[in-house]
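Novice: Residue numbers (our numbering): 14 to 206.
Supplied in structure tokens, the structure appears directly below.
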């Protein structure tokens with residue numbers, strides 16, 4: 014598909030409008046990732062342009078938005094699993110939750126789900142994990158609130174890193190209504206789930 018056709022297909026789609034919304038948080042070393050590359054074609058009927066807030070983030074943090082090898086899937090090892098769990102818990106503890114912020118920021122003192130996601134993704138990229146296996150996703154909580162999460166595409170399925178939970182779960186084990194995520198094949202596009 015040409016870039017013009019892909020752009021036209023993406024423009025036809027309407028954004029879910031949740032990329033900047035977050036659910037409320039409850040009050041209360043290098044890793045060998047050996048990605049397995051899988052190929053699938055993009056379905057233009059499910060594509061849309063990246064959310065504006067993500068695009069603004071990428072203008073400030075271009076290295077965090079590069080796709081690299083498309084369609085990577087991470088082979089999970091006990092060491093990698095421990096490293097991902099440590100990053101998830103560490104970021105959840107380090108950032109103080111606030112309801113609204115304007116820009117997506119890496120490692121702020123306080124922030125919302127957007128800031129948690131890009132911080133976790135930044136730290137996992139620093140470990141050498143492939144960007145196309147670390148996808149930002151938009152979902153709705155059971156209460157109907159918009160929420161941003163990080164999906165880690167692994168040989169065990171999509172793993173969810175969430176600022177509302179210290180535990181990493183498989184996507185199918187969550188109670189979220191999944192709306193869209195970054196494309197694992199094209200950094201400028203997101204796909205409806």
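No residue lacks a Cβ here, since even glycine has one placed at the ideal position from N, Cα and C.
Source: prediction; values computed, not measured.
Report the option in 199, 193 and 200 whose CA atom is closest to the CA atom of residue 59.
Specialist: Comparing Cα positions, the closest option is 193.
Novice: Start and end of the alpha helix (DSSP H) containing residue 73?
Specialist: 65-73
Novice: Identify the residues that DSSP records as bridge partners of residue 203: which are they?
Specialist: 61 and 195
Novice: Is the segment 123-136 touching the segment 159-166, taking contact as three or more C-beta pairs under 8 Å?
Specialist: yes
Novice: Under a three-way DSSP split, which group does residue 141 fall into?
Specialist: coil
Novice: Please determine, among 176, 181 and 155, the residue with the shortest C-alpha to C-alpha distance to residue 166.
Specialist: It is 181 whose Cα lies nearest to the Cα of residue 166.
Novice: Reducing DSSP to helix, strand and coil, say where residue 96 ends up.
Specialist: helix
Novice: Which residue marks the beginning of the beta strand (DSSP E) containing residue 188, and which one marks its end?
Specialist: Counting along the chain, residue 188 falls outside any beta strand (DSSP E), and DSSP gives it neither H nor E.
Novice: Mind reading off the beta-carbon distance from residue 79 to residue 156? Whole number of angstroms is fine, and I expect it under 8 Å.
Specialist: The Cβ separation is near 35 Å, so there is no contact.
Novice: Exposed or buried, residue 117, counting other C-beta atoms within 10 Å across all chains shown (16 or more means buried)?
Specialist: buried
Novice: Are three or more beta carbon pairs between the segment 85-98 and the segment 134-148 nearer than 8 Å?
Specialist: yes
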